[in-house]
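S.K.: I'd like to ask some things about the structure below.
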Amino acid sequence: MSQEASPEVKQQRMKEFVSLLPFTLELAGLPKCHPDRLFTNDQLEARVTTVRMAYRVARQMVRDIGDNGV
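The numbering of the sequence shown is the numbering used here, which starts it at 412 and goes up by one.
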C-alpha cells in the first residue's frame, strides 16, 4: 500500500530539487546543445539519466555535510 505524498511534501521536494539544480547540472557535466540542433530521443533519455544520477549525488552530499560537517 503506497501512499501519495501530501502537497506540502511535494512542494518541499520541488524546492529542494530547484535549490540543488545548479550544483546538479555542474556535477552532470553535460555539454550545451547547439542552437540549430535538437537532441534525439535517445540523447534526451541519456541526459535525463545523467541528471538524475547527479541529483542523487548532490542530495547525498548535502545530507552528509548536514550530518557530519565539511
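Beta carbons: idealized from backbone N, C-alpha and C, even for Gly.
How is arginine 448 classed by DSSP in three states: helix, strand or coil?
M.R.: For the purposes of this step, residue 448 is taken as the residue at position 37 of the sequence shown. Residue state, collapsed to three classes: coil.
S.K.: Do threonine 435 and alanine 469 count as a contact pair if the criterion is CB distance below 8 Å?
M.R.: If you number the sequence shown from 1, residue 469 lands on position 58. If you number the sequence shown from 1, residue 435 lands on position 24. Yes, they are a contact pair.
S.K.: Can you tell me whether alanine 416 is buried or exposed, with buried defined as 16 or more other CB within 10 angstroms of its CB?
M.R.: Along the sequence shown, read from residue 1 onward, the residue named residue 416 stands at position 5. By the 10 Å Cβ count, alanine 416 comes out exposed.
S.K.: Using the Cα positions of histidine 445 and valine 481, report the straight-line distance between them to the nearest angstrom.
M.R.: For the purposes of this step, residue 445 is identified with residue 34 of the sequence shown, where counting begins at 1. For the purposes of this step, residue 481 is identified with residue 70 of the sequence shown, where counting begins at 1. Distance between the alpha carbons of histidine 445 and valine 481: 37 Å.
S.K.: Report the CB separation of threonine 461 from leucine 441 in whole angstroms; it is logged as a contact under 8 Å.
M.R.: Counted from its first residue, the sequence shown places residue 461 at position 50. Counted from its first residue, the sequence shown places residue 441 at position 30. 6 Å between Cβ atoms; contact.
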